[in-house]
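Heads up: the structure comes next, in structure tokens.
Residue numbers (the working numbering): 446 to 621.
Below is the structure:
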């Protein structure tokens, strides 16, 4: 079995945009930007032997705001720039009540089965309460990237950081 770092996409890998005062996913490829320090953090985690898996809710596809092809183009760009092993996407909206949409752990459990991941030896890094809940439900340690967004549910991560690079440093320090 392998250890993994599960990564939320928007706000962890790439920059969020703002819509009606809330952070949201980019809806156009031209607005898609990898955050500073992400490439270095991903490289360090890969060199340490972690599988890197993005688990991302993309309800804007179901809501008609973003074409699926645009999301797939963003993911192709991620795969081109970063050493990511897999990207698992939930395209559903909350109303669909699926098993994959975070805060449910479905995407994490799917990745664990697909890649033989030891969840207890793995981490989830996210910037929303949904990420923390999904990671905890799956049995992972959780790291919250805090941008000061208002959260509509409580979250109690194992560690609070301000960037993926800071999360990577924390994870790597736990290996020693």
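Glycine included, every Cβ here is placed at the ideal spot set by N, Cα and C.
With distance defined between alpha-carbon atoms, name the residue in the options nearest to residue i.
{"i": "residue 469", "options": "581, 527 and 595", "result": "595"}
{"i": "residue 482", "options": "456, 515, 579 and 506", "result": "456"}
{"i": "residue 579", "options": "616, 453 and 527", "result": "453"}
{"i": "residue 446", "options": "562, 555, 487 and 556", "result": "562"}
{"i": "residue 577", "options": "610, 615 and 500", "result": "500"}
{"i": "residue 459", "options": "609, 616 and 498", "result": "609"}
{"i": "residue 564", "options": "575, 536 and 587", "result": "587"}
Between the C-alpha atoms of residue i and residue j, what's the straight-line distance to the nearest angstrom?
{"i": "residue 503", "j": "residue 585", "result": "22 Å"}
{"i": "residue 549", "j": "residue 621", "result": "31 Å"}
{"i": "residue 480", "j": "residue 567", "result": "23 Å"}
{"i": "residue 478", "j": "residue 520", "result": "12 Å"}
{"i": "residue 514", "j": "residue 582", "result": "30 Å"}
{"i": "residue 569", "j": "residue 475", "result": "28 Å"}
{"i": "residue 590", "j": "residue 571", "result": "6 Å"}
{"i": "residue 534", "j": "residue 506", "result": "11 Å"}
{"i": "residue 471", "j": "residue 607", "result": "20 Å"}
{"i": "residue 546", "j": "residue 605", "result": "23 Å"}
{"i": "residue 510", "j": "residue 465", "result": "14 Å"}
{"i": "residue 490", "j": "residue 525", "result": "17 Å"}
{"i": "residue 543", "j": "residue 530", "result": "24 Å"}
{"i": "residue 553", "j": "residue 597", "result": "22 Å"}
{"i": "residue 557", "j": "residue 463", "result": "32 Å"}
{"i": "residue 498", "j": "residue 487", "result": "10 Å"}
{"i": "residue 512", "j": "residue 467", "result": "21 Å"}
{"i": "residue 518", "j": "residue 473", "result": "10 Å"}
{"i": "residue 522", "j": "residue 573", "result": "23 Å"}
Exposed or buried, residue i, counting other C-beta atoms within 10 Å across all chains shown (16 or more means buried)?
{"i": "residue 528", "result": "exposed"}
{"i": "residue 619", "result": "exposed"}
{"i": "residue 493", "result": "exposed"}
{"i": "residue 602", "result": "buried"}
{"i": "residue 461", "result": "buried"}
{"i": "residue 541", "result": "exposed"}
{"i": "residue 559", "result": "exposed"}
{"i": "residue 508", "result": "exposed"}
List the DSSP bridge partners of residue i.
{"i": "residue 459", "result": "455 and 479"}
{"i": "residue 593", "result": "Paired residues: none, contrary to the question."}
{"i": "residue 498", "result": "451 and 531"}
{"i": "residue 605", "result": "589"}
{"i": "residue 580", "result": "Paired residue(s): none; residue 580 is not in a bridge."}
{"i": "residue 571", "result": "589"}
{"i": "residue 562", "result": "447"}
{"i": "residue 464", "result": "467"}
Any beta carbon of chain B sitting closer than 8 Å to that of residue i?
{"i": "residue 574", "result": "Included in the structure is just one protein chain, with no chain B present."}
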